[in-house]
Amino acid sequence: MVAKGAVIEYDEAEYAVEDEPLLTARRAADEIGGTVPVTPATGAALRFFATAIAAKAVVEIGTGCGSSGIWLLRGMRPGGVLTSVDTEPEYHRMARKVFTQAGFAANQARLILGRSLDVLPRLSDGAYDLVFCDADPVAYPEYLTASIRLLRAGGIAVFNDALPRDAGPAEDGARELADMIRIDDRVVPLLLPIAGGLLAAIKK
């Protein structure tokens with residue numbers, strides 16, 4: 154029993170545990186290099202968003218080794234489909250492996266190889282519940298424009314690493330994204346100080 158007035162401290166790991174498929178994805182990312190898996194807290198937030206809106210169709214910009222994809226799929230409705238875009242075939246190979254390890258059917262993940270800005274225009278307007286972007290922040294303003302087009306009313310766009318620590322093009326892109334979302338009356342924004350920052354926007 155906790156004494157009245159006592160301060161209770163929780164560790165992130167108590168709420169966001171990485172199981173074997175997620176650990177496999179993290180090890181693969183270390184071995185391959187070039188991509189950093191989302192933190193457990195970020196993954197838990199993605200799962201929460203997907204569950205909250207009963208997401209069935211999700212777009213992911215930046216597959217990585219499949220870590221964020223697992224979190225998203227675990228929050229989505231049964232039978233939902235994750236469309237994930239990346240330029241690296243090796244990332245897709247690892248993502249397929251960990252998705253299978255996590256128990257998802259092959260048809261639950263549509264992995265598209267190519268530049269996101271080339272692929273996204275081919276996806277249907279208003280057909281998606283959630284768009285998660287974990288790519289180069291320099292292009293985040295363009296990804297926001299694409300996301301708003303892709304999302305249904307009530308859908309959510311989520312951008313990872315929205316609070317870059319180092320000055321430069323990445324910070325400029327993230328800052329432009331934040332400014333765009335703040336003044337866009339088509340969305341309701343939320344900035345979460347999780348890991349490198351999660352910037353979310355619900356399409357009205």
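Numbering (the working numbering), first residue to last: 154 to 357. Idealized CB from N, CA, C, for every residue including glycine.
Check your understanding: Using a C-beta cutoff of 8 Å, does A210 count as contacting chain D?
Key -> You won't find chain D in this structure, because it holds only one protein chain.
Point to revise | Run of the alpha helix (DSSP H) containing A198, from where it starts to where it stops | key: Counted as a single uninterrupted DSSP element, the alpha helix (DSSP H) harbouring A198 occupies residues 193 to 205.
Practice item. Look up R263 in the DSSP assignment and say whether it is helix, strand or coil. Key: R263 falls in the strand class under three-state DSSP.
Point to revise | According to DSSP, residues forming a beta bridge with A218 | key: Note on residue identity: the sequence assigns Cys, not Ala, to residue 218. Looking at the DSSP output, C218 bridges to nothing.
Practice item. Within 10 angstroms of the Cβ of V170, are there 16 or more other Cβ atoms? Answer buried if so, exposed if not. Key: Using a 10 angstroms sphere on the CB of V170, the tally of other CB atoms stays under 16, which defines it as exposed.
**Study point:** Between the CA atoms of A210 and A203 - distance to the nearest angstrom
**Key:** Their Cα atoms are separated by approximately 10 Å.
Exercise for review: Report the residue from A323, P174, V311 whose alpha carbon sits nearest the alpha carbon of A354.
Suggested key: Checking every option, the nearest Cα to that of A354 belongs to V311.
Practice item. Given a cut-off of 8 Å, decide if Y244 and G217 are closer than it, judged by their beta-carbon atoms. Key: A distance below 8 Å separates the beta carbons of G217 and Y244.
Check your understanding: Helix, strand or coil: how does DSSP classify I185 here?
Key -> Annotated three-state conformation of I185 is helix, per DSSP.
Practice item. Quick one: residues in its chain with C-beta nearer than 7 Å to the C-beta of A198, no 5 flanking neighbours on either side, listed in chain order? Key: These residues qualify, in order along the chain: L345, I347, L351.
Review point. What is the residue span of the alpha helix (DSSP H) that R305 lies within?
Key: Looking at the DSSP string, R305 is not in any alpha helix (DSSP H); the run it does join, the beta strand (DSSP E), is 304 to 312.
Point to revise | Opposing strand residues paired with V238 [DSSP bridges] | key: According to DSSP, V238 bridges with I214, I265.
Check your understanding: Who are the near neighbours of L273 in its chain, counting only those whose CB is closer than 6 Å to its CB and skipping five residues on each side?
Key -> Only A299 meet the Cβ criterion.
Check your understanding: Exposed or buried, what is G313 when buried is set at 16 or more other beta-carbons lying within 10 Å of its beta-carbon?
Key -> The residue you asked about is not Gly; residue 313 is Asn in the sequence shown. Looking at its Cβ environment, which holds 16 or more other Cβ atoms inside 10 Å, N313 is buried.
**Study point:** Expected contact under 8 Å - CB spacing of V234 and Q261 to nearest Å
**Key:** About 6 Å; that satisfies the 8 Å criterion.
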